[in-house]
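Mapping the sequence shown onto our numbering, position 55 (from 1) lands on 998, and the numbers just tick up by one. Where a beta carbon is used, it is the ideal one built from N, C-alpha and C, also for glycine. In what follows, a single structure is set out as structure tokens and then discussed.
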Amino acid sequence: MPNFTGKSVLKLCVILSFLFSFSFLLNFFWEALHAVYLYQRHDLVASEYVPMVLYLSTMDSLIVLSLYIGVSLMWWNFFWLKLFSKAQIVVFSTIGILVAALIEYSSLFYYHRWLYKTEMPTVFGLGISPLLQLSVAGLVSVWLSKEILYGKGLIQE
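Written as structure tokens, this is what we have:
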């Protein structure tokens, strides 16, 4: 396990905060778009719809943080976003798609939480948009966090 100092713990907290914030914004936008246009039974009034999208975006952002921490543990490096490799991107994306597939499968076929409209493109009955959401939003969040924190010099070595 990496040896953490007070400074490195603070740096990790900043990274995770940025990741969560960017992920939340991207997931909120993504959820708002595909929930309205691609799912049946989402003809909700704003007082029901907005809290639902806020909740889903928060959960998706926590999953993105879990993906980041999982990749960090696999490489024994919690600061991998500074200089990430293709292997880390592939692992992050693959696990993100698998987690999304489990969520979609259980929500569609086991819990019957939603149905797709005919406009939703699917693979094996699962929507492509939700399958890609965690990986794409997560990787964009990692990249944005890297660019702002390291590219703009907000985190110093």
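- Counting C-beta pairs with one atom in each stretch, the region 1054-1069 and the region 1021-1035 have fewer than three that are closer than 8 Å, which means they do not touch.
- With 16 or more other Cβ atoms from the protein chains shown falling within 10 Å of its own Cβ, Y1059 counts as buried.
- In the three-state reduction of the DSSP assignment, L1058 falls in the strand class.
- For F963, the closest alpha carbon among the candidates M995, A978, L1005 is that of L1005.
- Residue pairing for L1069: DSSP places it in a beta bridge opposite V1066.
- Three or more beta-carbon pairs drawn from the region 989-1006 and the region 966-976 are found closer than 8 Å, and the two stretches are therefore classed as touching.
- Beta-bridge annotation (DSSP): Y982 is paired with Y1059.
- Taking the CA atoms as reference points, Y992 sits about 14 Å from R1056.
- The DSSP-derived three-state label of S966 is helix.
- Closest by C-alpha distance to Y1093, out of G949, F1052, I958, is I958.
- Going by DSSP, K1029 is part of the alpha helix (DSSP H) stretching over 1029-1048.
- Within the same chain, Cβ atoms closer than 8 Å to the Cβ of L1074 are found at I1040, A1043, A1044, E1047, V1066, the five residues on either side in sequence being excluded.
- Here the alpha carbon of S951 sits roughly 11 Å from the alpha carbon of Q1099.
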